[in-house]
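Trainee: Can you keep this structure in mind? I'll have questions shortly.
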Amino acid sequence: MEDYENGLEQAAAPSPPSGGEALESIVRPALVAATRLFLVAGVALVLVDETGELRGAVAAGDLAQALEDAAPQLWSGPSLEVLAGGEPVRTADLRGDGRWPALARLPALAGVNSLVCVPMEGPAGPSGTLTAVRRPGRPWPAQEVESLHAYAGVVASLVRTAADAERDAQIITQLEHALHHRVVIEQAKGILMEREQLDPAGAFDRLRKAARARRRRVSEVAAEVVAGDPLPPPTNGNGGLPPS
Numbered sequence: 018m019e020d021y022e023n024g025l026e027q028a029a030a031p032s033p034p035s036g037g038e039a040l041e042s043i044v045r046p047a048l049v050a051a052t053r054l055f056l057v058a059g060v061a062l063v064l065v066d067e068t069g070e071l072r073g074a075v076a077a078g079d080l081a082q083a084l085e086d087a088a089p090q091l092w093s094g095p096s097l098e099v100l101a102g103g104e105p106v107r108t109a110d111l112r113g114d115g116r117w118p119a120l121a122r123l124p125a126l127a128g129v130n131s132l133v134c135v136p137m138e139g140p141a142g143p144s145g146t147l148t149a150v151r152r153p154g155r156p157w158p159a160q161e162v163e164s165l166h167a168y169a170g171v172v173a174s175l176v177r178t179a180a181d182a183e184r185d186a187q188i189i190t191q192l193e194h195a196l197h198h199r200v201v202i203e204q205a206k207g208i209l210m211e212r213e214q215l216d217p218a219g220a221f222d223r224l225r226k227a228a229r230a231r232r233r234r235v236s237e238v239a240a241e242v243v244a245g246d247p248l249p250p251p252t253n254g255n256g257g258l259p260p261s
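Going by the working numbering, the sequence shown opens with residue 18, and the numbers climb by one from there.
See below:
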């Protein structure tokens, strides 16, 4: 089999989308539903990575933007407390509570008094928290907290679905990218076979040696051949490299 770049052509495939399109499209509707189900002004999903650091946030409701902007304060405040203790936390007096002053001082959340934050479990442990906020300073009954905790399990399954979708999209992008490079290389081989009367293996060898001589990828040199640029004639058996 032809060796692409010393074994396999390692095309620099584009990075997957960083905006979390799948997370937005799959998880956000569930958060919108939660605002209606629990009669709250906003619900925020705060995600953490394997080290417990903030990975991102998605929110819904009247205070969606304020909650997304408050992601660092949510993470370092109630979310961190929940992740450390493994139990929900709640308050009916955000400003007077004193536990999360950075969150309580945010102007965008000035009208919020009641907050509850519950853990969201992933396959390998806590993967984030679900936080709901209300403007009235109304206590959170235990049954309501338990219901939100159960709903966090539903959201967790949707997060896994979104992650799978992002991973599938990344694989498809990489395959399409690799296929494109392979097509270009095959086109360049055909041109060299006709132009220089080479067989397929000889044509690829010309591309490979020219790429090594220029310290470039085979696919890049192939694209130039397809565009009409001639390859420099080999000056020795190493395709133009100085003798070793």
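All C-beta atoms in this analysis are idealised placements derived from N, C-alpha and C, irrespective of residue type, glycine included.
Note that the coordinates shown come from a computational prediction; the quantities given were computed from them, not determined experimentally.
I think Ala77 touches Gly102, with their Cβ atoms under 8 Å apart; what is that distance to the nearest whole Å?
Mentor: With 8 Å as the limit, Ala77 and Gly102 do not qualify as a contact, their Cβ atoms being about 26 Å apart.
Trainee: Please state whether the Cβ-Cβ distance between Met137 and Val162 is less than 9 Å.
Mentor: Contact: no.
Trainee: Is it the case that the Cβ atoms of Arg112 and Ala125 are separated by a distance below 9 Å?
Mentor: Not closer than 9 Å, so no.
Trainee: Along the chain, which unbroken stretches of the alpha helix (DSSP H) at least 4 residues long are found entirely within the region 72-132?
Mentor: Here the runs fully enclosed are 81-86, 88-91, 97-102, 111-114, 118-121.
Trainee: Report yes if the CB atom of Leu248 is closer than 9 Å to the CB atom of Arg229, and no otherwise.
Mentor: The answer is no: Cβ separation not under 9 Å.
Trainee: Assuming contact is defined by CB atoms lying nearer than 9 Å, are Val63 and Thr146 in contact in what I supplied?
Mentor: Cβ atoms of Val63 and Thr146: closer than 9 Å.
Trainee: Evaluate Arg155 with the Cβ neighbour count: other Cβ atoms within 10 Å of its Cβ, from every protein chain shown; 16 or more gives buried, anything less gives exposed.
Mentor: Arg155 comes out exposed.
Trainee: Quick check: the Cα distance between Asp246 and Leu209, rounded to an integer number of angstroms?
Mentor: The alpha-carbon atoms of Asp246 and Leu209 are separated by roughly 11 Å.
Trainee: How would you label Leu84, buried or exposed, when you count the other beta carbons within 10 angstroms and need 16 or more for buried?
Mentor: Buried, because 16 or more other Cβ atoms sit within 10 Å of the Cβ of Leu84.
Trainee: Report the option in Asp86, Val65, Pro217, Gly73 whose CA atom is closest to the CA atom of Glu41.
Mentor: Cα-wise, what sits closest to Glu41 is Gly73.
Trainee: So, with DSSP's three-state summary, where would you put Arg155?
Mentor: Three-state DSSP puts Arg155 in coil, outside helix and strand.
Trainee: Under 8 Å by Cβ, that's how I've got Asn130 and Pro153 pegged, so tell me the actual separation to the nearest angstrom.
Mentor: Between Pro153 and Asn130 the Cβ distance is about 6 Å, and since that is below 8 Å, they are a contact.
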